[in-house]
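S.K.: Take a look at this one; I'll ask things after.
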Amino acid sequence: MLTRREFLSTLTRASAAGVLAGLGAGACAHAARSPHYAPVGRRITHRRFTLRMKGTWSIARGSMDSKDIVIVELERDGYIGRGEAAPSSFYGESAESSTAFVQAVTPLLESADWRDIDAFEKAIVRRGAPDRGGLCAVTTALLDWNARRRGLPLHRHLGIDARTMPRSTFSIGISARGEMLRKVRAASAYPLIKIKVGFDGDIAIIEAIRSISRQTIRVDANGGWRSKEEALEKITALARLGVEFVEQPLPVDRIDDARWLTARSPLPIIADEGVRTVRDIAPLTGACHGINIKLMKCGGIPEALRMIALARSHGMRVMMGCMIESSLGITAAAHIAPLVDFADLDGNLLVANDPFARGVRITNGLLVLPGGPGIGVEQAPFTA
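For the sequence shown, the numbering used here gives the first residue as 56, with consecutive numbering after it.
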């Protein structure tokens, strides 16, 4: 099993897709040549599902009461692999675009060797820019199928040591002051909380939260602060309140301003919306102290592993985050969370009708993976 340190040492010398056996470039090479492999008896399906929020979820950019996701299922040899697309409108994706992507790649899935995910992903990328949410759903389903076929939890299939699992935050969205304080009190079981900011009066809210809570606080502005000067003033105030770090203080197109801010900030700055795939990392050198990787942003675990490796080579800290997702997507991300510094994997906890059960849990802040094969979640009865 790879610890975080061993993983980083290995990945600085090679592509992540070629290092971890579960992705196919190495261990699946023999399987791909096997004359006994025949692409028959496959079932490839997808369905759309609407997640309902427990309460209106608001950040600096807007609010939502529900979110449409796409669930992909791949079945062969008695094993079912599942993956989720929880697309982000910020990147121009939707349940419709993810569905269209899955439909477009179904012919390739019907003929590809499901054991060689690296080759499959390369074939997809050669076709042009993919829908990242849809790509995540498909590559996750392939990984789940392979791990279930081997009878291993996904992290063990990938060679990852889960004993170095980080703690996860629980997120508090933007709402009225009294409601945010109520939510903080209700989240007392979580040692780490993330507070959404990026609005007028947000520092006063953090002051009020700090007055009632000794939890570790992280904040996320979602690009909501209007200038580098405003951001520096607010970050300085947050540092006095004991906040740990700040996510995406400025809009994504303000890279020069972000460099100015990063050079002066008393707190670490983590880029979120401003970093989507491995190609976005090098341009952010000096513009942040770390990056927030999300499977739904980048296209799945293979790209996430490449991002971890490159970010480390640039001296950046790494966070594993999420969108509003079901337990399927959140648990998939949790399987590679031992490789990162920080985790914010709570999107399923904000959902009232999670279609999956037995996923990752947060116990005293620590992410606890399910013990079954593959991702480990089980389908729950669907509700309308």
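Note that CB positions come from ideal geometry on N, CA and C, so glycine has one too.
None of the values given here were measured: they were computed from a predicted structure.
1. Kindly indicate which three-state DSSP category A242 falls into: helix, strand or coil?
2. Give the straight-line distance between the Cα atoms of N403 and E380, rounded to the nearest whole angstrom.
3. When the Cα atoms are used, what is the spatial distance from L296 to M371?
4. Suppose only complete runs of 4+ residues qualify. What are the alpha helix (DSSP H) ranges in the stretch 326-377, listed by chain order?
5. P425: which of I310, P142 and L209 sits nearest, CA to CA?
6. Fully enclosed by the stretch 279-305, which beta strand (DSSP E) runs are 3 residues long or longer?
7. Once DSSP output is grouped into helix, strand and coil, what is the label at E234?
8. For P436, count neighbouring Cβ atoms within 10 angstroms of its own Cβ and tell me buried if that reaches 16, exposed if not.
9. My output table needs one value for Q270: the three-state DSSP class, helix, strand or coil.
10. Report yes if the C-beta distance between R107 and A407 is below 7 Å; otherwise report no.
11. Taking only the alpha-carbon atoms, compute the straight-line gap between G110 and A150 and give it to the nearest angstrom.
12. Pick from W315, S320, L316 and K352: whose alpha carbon is nearest that of G329?
13. With DSSP as the reference, label I229 as helix, strand or coil.
14. Between V127 and G138, is the Cβ-Cβ spacing less than 7 Å?
15. Cβ of K249 within 7 Å of Cβ of D275?
16. With distance defined between alpha-carbon atoms, name the residue in I261, I258, F225 and V252 nearest to A244.
M.R.: Well, looking at it:
1. In the structure shown, A242 sits in coil (DSSP, three-state: anything other than H, G, I, E or B).
2. Spanning the alpha carbons of N403 and E380 requires a straight line of approximately 5 Å.
3. Approximately 24 Å between the Cα atoms of the pair.
4. Assignment of alpha helix (DSSP H) within the stretch 326-377, counting only whole runs of 4 or more residues, yields 350-353 and 356-368 in chain order.
5. Ranked by how close their Cα comes to the Cα of P425, the residues I310, P142 and L209 have L209 in first place.
6. Within the stretch 279-305, no complete beta strand (DSSP E) run reaches 3 residues.
7. E234 falls in the helix class under three-state DSSP.
8. Exposed, since its Cβ has fewer than 16 Cβ neighbours within 10 Å.
9. Under the three-state reduction of DSSP output, Q270 falls in the coil class, being neither helix nor strand.
10. In contact: R107 and A407 (Cβ atoms closer than 7 Å).
11. A direct Cα-to-Cα measurement between G110 and A150 gives close to 21 Å.
12. Comparing C-alpha distances from G329 to each of W315, S320, L316 and K352 shows the shortest one belongs to K352.
13. Three-state result, I229: coil.
14. Result yes, Cβ atoms of V127 and G138 sit closer than 7 Å.
15. Yes, the Cβ-Cβ distance between K249 and D275 is below 7 Å.
16. Distances from the CA of A244 to each of I261, I258, F225 and V252 were compared; the closest alpha carbon is that of F225.
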